[in-house]
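The sequence shown begins at 0 in numbering that gives the first Met the number 0 and counts up by one.
A short write-up of the structure that comes next.
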Amino acid sequence: MAVGSPENRDTWGSKVAFILAAAGSAIGLGNIWGFPTQAGRNGGAAFLVIYLIAVAVIGAPVMLSELIIGRKTQRNPVGAFKQLAPRSAWYMVGGLGVLGGVLILSFYSVIAGWTLAYIIKAVTGAFRSEIDTAALYNSVSGSAVPAIGWHLLFIVITVWVVLGGIRQGIERWTKILMPVLFALLVLLAIRAVTLPGAGTGLDFYLKPDFSAVTAGVVVNAVGQAFFSMSLGMGAMITYGSYVSKKDDLVSSAAWVTGADTLIAMMAGLIIFPTLFASGFDPNVEGPGMVFVVLPSLLASIPPEPYGGLIFGTGFFVLLGIAGLTSSISLLEVGVTWAVDETGFSRKKAAITLASIAFIVGIPSALANGAVPWLTSIPGIGMDFLTLMFTIFGVFALIVGALFISVFVGWYWGIENAGEEVRANDGKFPLGRTWAFLIRWLVPIALAGVLINTVLQTF
Ligand code: TRP
Numbered sequence: 000m001a002v003g004s005p006e007n008r009d010t011w012g013s014k015v016a017f018i019l020a021a022a023g024s025a026i027g028l029g030n031i032w033g034f035p036t037q038a039g040r041n042g043g044a045a046f047l048v049i050y051l052i053a054v055a056v057i058g059a060p061v062m063l064s065e066l067i068i069g070r071k072t073q074r075n076p077v078g079a080f081k082q083l084a085p086r087s088a089w090y091m092v093g094g095l096g097v098l099g100g101v102l103i104l105s106f107y108s109v110i111a112g113w114t115l116a117y118i119i120k121a122v123t124g125a126f127r128s129e130i131d132t133a134a135l136y137n138s139v140s141g142s143a144v145p146a147i148g149w150h151l152l153f154i155v156i157t158v159w160v161v162l163g164g165i166r167q168g169i170e171r172w173t174k175i176l177m178p179v180l181f182a183l184l185v186l187l188a189i190r191a192v193t194l195p196g197a198g199t200g201l202d203f204y205l206k207p208d209f210s211a212v213t214a215g216v217v218v219n220a221v222g223q224a225f226f227s228m229s230l231g232m233g234a235m236i237t238y239g240s241y242v243s244k245k246d247d248l249v250s251s252a253a254w255v256t257g258a259d260t261l262i263a264m265m266a267g268l269i270i271f272p273t274l275f276a277s278g279f280d281p282n283v284e285g286p287g288m289v290f291v292v293l294p295s296l297l298a299s300i301p302p303e304p305y306g307g308l309i310f311g312t313g314f315f316v317l318l319g320i321a322g323l324t325s326s327i328s329l330l331e332v333g334v335t336w337a338v339d340e341t342g343f344s345r346k347k348a349a350i351t352l353a354s355i356a357f358i359v360g361i362p363s364a365l366a367n368g369a370v371p372w373l374t375s376i377p378g379i380g381m382d383f384l385t386l387m388f389t390i391f392g393v394f395a396l397i398v399g400a401l402f403i404s405v406f407v408g409w410y411w412g413i414e415n416a417g418e419e420v421r422a423n424d425g426k427f428p429l430g431r432t433w434a435f436l437i438r439w440l441v442p443i444a445l446a447g448v449l450i451n452t453v454l455q456t457f
């Protein structure tokens, strides 16, 4: 088989399998850890409203565009742009994505590593009423050896799943575990909203106060939407490249978007009532907010100590798995690229790229107390993990999505894209709306967001 040729490529077993895998990529720490953290910092309910608008008018059209590029070319992001725009520099957008995936993985697995540590804490009965959750968080994230160790373990697990390939690895796992995660979130949400004092949290989360909305809040909402939906760096191009020509892209994109948004909203419904009921401040907690707030909810579930033990273990096992189905997509982008374009074996590609992510991730692992100058970088004031997140988890995704929208809307063109959507049954529901959004609203909004970010930073 020639390098880069799509023959003999694995495909998803079915449309449902694809939707679950893509939803597995989208649903992860970004929903359960990132969304409440961002909403807490950006005013709560008003952020939620802006977030939902951003998902519908910016995120969803970009999601569909990435899936179209992927299925059309059946290639990795670099190969896809090379095929659709030969002898041009567009392939660099794909290259940015490959790089971005490895760099996002570098800090993503640090946070996911904390969830592994929390599983052990839960199993050994740490979630009881007298728990000091801030001290618990510090013991996990604040010293070098455990932080790096858990980060390494999580990367190793990610490689192990990716080595299984598309059907046997990624697909098999997500199919079972995503529904279980959802059920547990429903249970925890019921528990959270019935806590004494939950009302203040519900008000904060659901009663918008738009007076607090600044340009910065909008920028954060757009960034959060891209991260949460796995957009802007070719993950959905890659996953789309394994979609069969018989499947329907529009409804797939809608399902993935809906599932991702639902889970983020549920996470907010769990975190904010708990946070206010236990007296935390939504605005001051750093990257560990969820890791500090949630254990107090879990510890409150009767009877002691079994409630905390059972629900604590269940929750962090599932959060770890949600993180895993996302981290494999981050690695898969680079692996698909290396296999298609450089002729690396799957194994060699996965191990090489994961090793890079591990090494680059070490400063992020040390950035929550273990090393003071990484915890608050001189002159910047941020911790290293948050800095990496801001550059690669927000900024680079917005740049990537801007290029993707211009590419599909103007360069390759909406006619070609529409033809690919219609390849299965001749239909393109909401095709005109999509074309308008991807040509006009998305690029203009993203350009505005970028200009604003640059102005705010310098
Ligand atoms: N969306 C995932 C989450 O919410 C993280 C993720 C996986 C991601 N793949 C991505 C983010 C690609 C950006 C781009 O946790």
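Where a beta carbon is used, it is the ideal one built from N, C-alpha and C, also for glycine.
Determine the closest residue to residue i out of the options, with distance taken between C-alpha atoms.
| i | options | result |
| --- | --- | --- |
| G285 | T10, I26 and W32 | W32 |
| E170 | F383, V359, T10 and F394 | T10 |
| I18 | A44, L28, M62 and A55 | M62 |
| V160 | I327, P145 and F181 | I327 |
| A20 | L323, K244 and I119 | L323 |
| G93 | G425, F427 and F402 | F402 |
| V185 | I269, P85 and A444 | I269 |
| S108 | L296, P178 and A356 | A356 |
| E129 | P304, A143 and P76 | P304 |
| L384 | V398, A364, V218 and A395 | A364 |
| I361 | F153, A59 and A133 | F153 |
| L396 | I57, A348 and A133 | I57 |
| S250 | K426, R8 and A125 | K426 |
| V97 | A84, A79, L83 and S87 | A79 |
| F271 | V255, V291, A253 and A252 | V291 |
| Y90 | A446, M232 and S295 | M232 |
| V217 | V54, R8 and A349 | V54 |
| F388 | Q82, R190 and N219 | N219 |
| V155 | W172, V255, P428 and S354 | S354 |
| W336 | P145, A182 and T237 | T237 |
| N41 | V122, I118, P207 and A59 | P207 |
| A298 | L194, G430, S138 and G163 | L194 |
| D424 | S243, G239, V255 and P442 | S243 |
| T173 | L183, A116, S325 and G342 | S325 |
| V405 | A84, L386 and L51 | A84 |
Report, in whole angstroms, the separation of the C-beta atoms of residue i and residue j, which I expect to be a contact under 8 Å.
| i | j | result |
| --- | --- | --- |
| V332 | G100 | 4 Å |
| I300 | F310 | 5 Å |
| G141 | N367 | 6 Å |
| G287 | Y204 | G287 to Y204, Cβ: 20 Å. No contact. |
| K14 | D246 | 4 Å |
| G200 | L274 | 6 Å |
| L95 | A234 | So it is not a contact: roughly 12 Å between Cβ atoms. |
| S227 | A25 | 6 Å |
| R127 | G313 | Not a contact, Cβ separation roughly 16 Å. |
| L317 | V334 | Not quite, the Cβ-Cβ distance comes to about 25 Å (not below 8 Å), so this is no contact. |
| A143 | A400 | Not confirmed; about 36 Å, so no contact. |
| G23 | M177 | 6 Å |
| L440 | V398 | Contact flag wrong, Cβ pair sits at about 17 Å. |
| D280 | N75 | The Cβ separation is near 44 Å, so there is no contact. |
| L230 | E414 | Actually they are not in contact, since the Cβ atoms of L230 and E414 sit about 23 Å apart, beyond 8 Å. |
| L162 | A349 | 6 Å |
Comparing the C-beta of residue i with each C-beta of chain C, is any distance below 7 Å?
| i | result |
| --- | --- |
| L19 | The question asks about chain C, but that chain is absent: this structure has only one protein chain. |
Cβ pair count under 8 Å reaching 3, the region 135-149 against the region 103-115: yes
The region 62-77 touching the region 413-423, judged by at least three CB pairs closer than 8 Å: yes
The region 431-439 / the region 258-267 touching (three or more Cβ pairs under 8 Å): no
3-residue-minimum beta strand (DSSP E) runs that sit fully inside the region 181-248, ordered along the chain: none
Validate contact between the region 210-229 and the region 21-36 using beta carbons, cut 8 Å, 3 pairs: yes
Secondary structure, alpha helix (DSSP H): runs of 4+ residues fully inside the region 34-73: 34-40, 44-53 and 59-72
Start-end ranges of the alpha helix (DSSP H) lying completely within the region 423-457, minimum 4 residues: 430-435 and 441-456
Contiguous alpha helix (DSSP H) assignments of at least 4 residues, all confined to the region 242-300: 248-276 and 288-298
The region 402-410 touching the region 365-377, judged by at least three CB pairs closer than 8 Å: no
contact_flag[the region 44-63, the region 204-219] where n(CB pairs < 8 Å) is 3 or more: yes
Segment contact flag, the region 92-107 with the region 443-454, C-beta cutoff 8 Å, min 3 pairs: no
Length at least 4, wholly inside the region 364-397: the alpha helix (DSSP H) runs in chain order: 371-374 and 383-387
Within the region 110-167, ranges of the beta strand (DSSP E) (whole runs, at least 3 residues): none
Length-filtered (4 minimum) alpha helix (DSSP H) runs lying within the region 291-361: 305-336
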